[in-house]
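Trainee:
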Amino acid sequence: MAWRWLTFLFASAVMVHASNLVPTTLELWPHGPPGAAPSAPAETDATTPADRIVAGRRVERRTHTRPSLTLYRSTGPQASSATILVCPGGAYRILAIDLEGREVCAWLNSIGINAALLKYRVPGITPAHYKLASDEDPQNSAQGKYPEALQDAQRALGVLRAKAQALQLDPHRIGILGFSAGGHLSALMSGQSLARSYPLEDDADRVSCRPDATLLIYPAYLARKSGVLADELRGAKAGFPPTFLTMAEDDPLWVGNALYYYLALEGAAVPAELHLYPSGGHGYGLRPTNEAATTWPRRAEEWLRSLGWIGPLTQ
Numbered sequence: 169m170a171w172r173w174l175t176f177l178f179a180s181a182v183m184v185h186a187s188n189l190v191p192t193t194l195e196l197w198p199h200g201p202p203g204a205a206p207s208a209p210a211e212t213d214a215t216t217p218a219d220r221i222v223a224g225r226r227v228e229r230r231t232h233t234r235p236s237l238t239l240y241r242s243t244g245p246q247a248s249s250a251t252i253l254v255c256p257g258g259a260y261r262i263l264a265i266d267l268e269g270r271e272v273c274a275w276l277n278s279i280g281i282n283a284a285l286l287k288y289r290v291p292g293i294t295p296a297h298y299k300l301a302s303d304e305d306p307q308n309s310a311q312g313k314y315p316e317a318l319q320d321a322q323r324a325l326g327v328l329r330a331k332a333q334a335l336q337l338d339p340h341r342i343g344i345l346g347f348s349a350g351g352h353l354s355a356l357m358s359g360q361s362l363a364r365s366y367p368l369e370d371d372a373d374r375v376s377c378r379p380d381a382t383l384l385i386y387p388a389y390l391a392r393k394s395g396v397l398a399d400e401l402r403g404a405k406a407g408f409p410p411t412f413l414t415m416a417e418d419d420p421l422w423v424g425n426a427l428y429y430y431l432a433l434e435g436a437a438v439p440a441e442l443h444l445y446p447s448g449g450h451g452y453g454l455r456p457t458n459e460a461a462t463t464w465p466r467r468a469e470e471w472l473r474s475l476g477w478i479g480p481l482t483q
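Numbered by my numbering, the letters in the sequence shown go through residues 169 to 483 in order.
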């Protein structure tokens, strides 16, 4: 009963806070995204009555062919100029736009961080190469087989950094946070920031799109069962940003995704923090349940404070 009451209070707080947000829509692709079909529907509601319930509420699922970027500013006494780009998950098929999108932006705002919600392109069908990477599937690569999401993420972070002064953001504190497939995308961004994966369009493509910090929440597709990283993520280098990872050991997408990525970062002397929980499954966002895995937002807030992105807690 206590956990149900906490869940109700959390949901109420998120909805009230979200209703007070004044989002700013930032133009992502002025001339349209690379290779986009102009006749494709911009957005489709893929939610069905059979979809799973998380903490008493259904998850809103949407497909997107026309990406967008929406900035939610933090207000209040502890608001900072730091910003985090939020990448929802959904198997590169849909976006869990409330559970891993709007609710996350509201939480970031509540701890003093600006949030930029990225609706990257997802096709509405599950590409065959997005199964869990295995040793028998050496060509599993989002960068090579489904580049649209990476293009959208690179462009989004570049837009935020190029417009930082006008938007009163700190260009040196722009991070990225991703769930599941969005975690894979965020990991790609950490290592694929030296060159754009599309033809340069304007000044937003001439600034760095490297995130200054990365948060990977139950990330998918990072490692193979043999314990090596997926091809597109191999070669973690010292230039990777500080990284926060969390995952449950009973996650059906395999806890090794977080564990082996962390070990690669540790081997490259990249500052990283890993939290593993015995149970919790997959796809819980930050909705609290009786599983310890759903306490990760507290650990993430502590980690962001340790980086100096938000101030210390006041008594």
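Built from N, CA and C at the ideal position, the CB exists for glycine as well.
For a quick check, are the C-beta atoms of residue 382 and residue 343 less than 8 Å apart?
Mentor: A contact, by the Cβ cut-off of 8 Å.
Trainee: Any idea if residue 368 is buried or exposed, counting beta-carbon neighbours within 10 angstroms, 16 or more meaning buried?
Mentor: It is exposed - the Cβ of residue 368 has fewer than 16 other Cβ atoms within 10 Å.
Trainee: Give the straight-line distance between the Cα atoms of residue 302 and residue 393, rounded to the nearest whole angstrom.
Mentor: Since pLDDT at residue 302 reaches only 36, below the 50 mark, its modelled position is unreliable, and no value is offered.
Trainee: State the start and end residues of the unbroken beta strand (DSSP E) segment that holds residue 434.
Mentor: Here residue 434 belongs to no beta strand (DSSP E); instead the alpha helix (DSSP H) covers 424-435.
Trainee: Check this for me: beta carbons of residue 397 and residue 388, under 8 Å apart or not?
Mentor: no
Trainee: Can you list, in chain order, the residues of its chain whose CB lies under 7 Å from that of residue 327, leaving out five sequence neighbours each side?
Mentor: 194, 196, 237 and 372
Trainee: DSSP three-state label for residue 413, please.
Mentor: Assigned with DSSP and collapsed to three states, residue 413 falls in strand.
Trainee: So, helix, strand or coil for residue 192, using DSSP?
Mentor: Strand, per DSSP.
Trainee: Candidates 260, 284, 407 and 429: which alpha carbon is nearest residue 415's?
Mentor: 429
Trainee: Measure the CB-CB distance between residue 348 and residue 199 and report whether it falls below 8 Å.
Mentor: no
Trainee: According to DSSP, is residue 466 helix, strand or coil?
Mentor: Looking at residue 466 - three-state DSSP - the assignment turns out to be helix.
Trainee: How about the segment 276-285 and the segment 463-478: do they share at least three Cβ pairs that are nearer than 8 Å?
Mentor: yes
Trainee: Taking 8 Å as the cut-off, decide whether the C-beta atoms of residue 290 and residue 455 are in contact.
Mentor: no
Trainee: Report buried or exposed for residue 171, applying the criterion of at least 16 other Cβ atoms within 10 angstroms of its Cβ.
Mentor: Reliability fails at residue 171, whose pLDDT of 41 lies under 50, so the model's placement of it is uncertain and no value is given.
Trainee: If you follow the beta strand (DSSP E) that residue 213 is in, where does it begin and where does it stop?
Mentor: 211-213
Trainee: Please check if any C-beta of chain B sits within less than 8 Å of the C-beta of residue 236.
Mentor: You won't find chain B in this structure, because it holds only one protein chain.
Trainee: Could you pull out every unbroken beta strand (DSSP E) segment of at least 3 residues lying fully inside the segment 332-367, listed in chain order?
Mentor: Restricting attention to beta strand (DSSP E) runs no shorter than 3 residues, the segment 332-367 encloses them at 342-347, ordered along the chain.
Trainee: List the residues that DSSP assigns as beta-bridge partners of residue 382.
Mentor: 344 and 411
Trainee: Give the secondary structure of residue 473 by DSSP, where H, G and I count as helix, E and B as strand, and everything else as coil.
Mentor: Of the three classes helix, strand and coil, the one that applies to residue 473 here is helix, per DSSP.
Trainee: Cα-Cα, which of 235, 411, 216 and 233 is closest to residue 227?
Mentor: Residue 216 is the option with its Cα nearest to residue 227.
Trainee: Can you find the residues in the same chain that come closer than 7 Å, C-beta to C-beta, to residue 269, ignoring five residues on each side of it along the sequence?
Mentor: 254, 256, 263 and 285
Trainee: Going by beta carbon distance, what residues of the same chain come within less than 6 Å of residue 241, once the five residues before and after it are set aside?
Mentor: Setting aside the 5 residues that flank it on each side, residue 241 is surrounded in the same chain by 282, each with a C-beta closer than 6 Å to its C-beta; the list follows chain order.
Trainee: Could you give the distance in angstroms between the alpha-carbon of residue 338 and the alpha-carbon of residue 431?
Mentor: 30 Å
Trainee: Could you check what DSSP says for residue 301 in three-state terms: helix, strand or coil?
Mentor: Per-residue confidence for residue 301 stands at a pLDDT of 39, beneath the threshold of 50, marking its modelled position as unreliable; the derived number appears in the next sentence. Residue 301: coil per DSSP, three-state reduction.
Trainee: Span of the alpha helix (DSSP H) holding residue 316?
Mentor: 316-330
Trainee: What are the complete beta strand (DSSP E) segments, minimum 3 residues, inside the segment 233-305?
Mentor: 236-240, 251-255 and 282-287
Trainee: With H, G and I counted as helix, E and B as strand and the rest as coil, what does DSSP make of residue 441?
Mentor: Residue 441: strand per DSSP, three-state reduction.
Trainee: Is the beta carbon of residue 413 sitting closer than 8 Å to the one on residue 356?
Mentor: No Cβ-Cβ contact shorter than 8 Å links residue 413 with residue 356.
Trainee: Helix, strand or coil: how does DSSP classify residue 391 here?
Mentor: strand
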